[in-house]
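For the sequence shown, counting from 1, position 77 maps to 81 in the working numbering; every step adds exactly one. Even glycine gets a Cβ: it sits at the ideal position worked out from N, Cα and C. Inspection log for the structure reproduced underneath, given as structure tokens.
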Amino acid sequence: CAVRHYCWAARAAENGQAPGAVGSERSNPWWRLRRVHFDVVLCDAPCSGDGTFRKTPELWSTWSAARGLALFPKQLAILRRGLEMLAPGGQLVYSTCSLDPVQNEAVVAAALQLHNSKSGGQSVNL
């Protein structure tokens with residue numbers, strides 16, 4: 005795992021990218037061309053932020069259920085890409101700061117269903 009992370013960070017530096025920004029590359033990045041797999045994948049997805057209402061009550065004025073629903077496709081795409089990059093036997097962490105089941109449980113359920121139906125025999129379990 006540490007070796008893979010080092011290689012990932014080294015490749016990012018070679019390409020002039022900050023390691024944390026590698027996942028946002030839209031062109032054909034090196035990991036997509038080489039079908040690289042990682043032992044550990046962290047998917048920290050953008051969310052509506054409703055889990056932070058206690059410490060930032062001003063968010064109540066801009067919150068809407070539609071915002072959470074609008075983020076579902078992006079969250080699903082991020083998680084599906086994370087599953088594609090996960091090595092057999094690896095661990096994936098999906099994270100949001102939302103309490104909304106649509107942004108959490110529904111995203112995970114949809115990603116697992118889509119991934120397991122297209123994975124060619126290598127399914128992922130919780």
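- By the C-beta density criterion, residue 79 is buried, having at least 16 other C-beta atoms within 10 angstroms.
- Rounded to whole angstroms, residue 42 and residue 76 show a C-alpha spacing of 24 Å.
- Secondary structure of residue 57 (DSSP, three-state): coil.
- Residue pairing by DSSP puts residue 90 in a beta bridge opposite 42.
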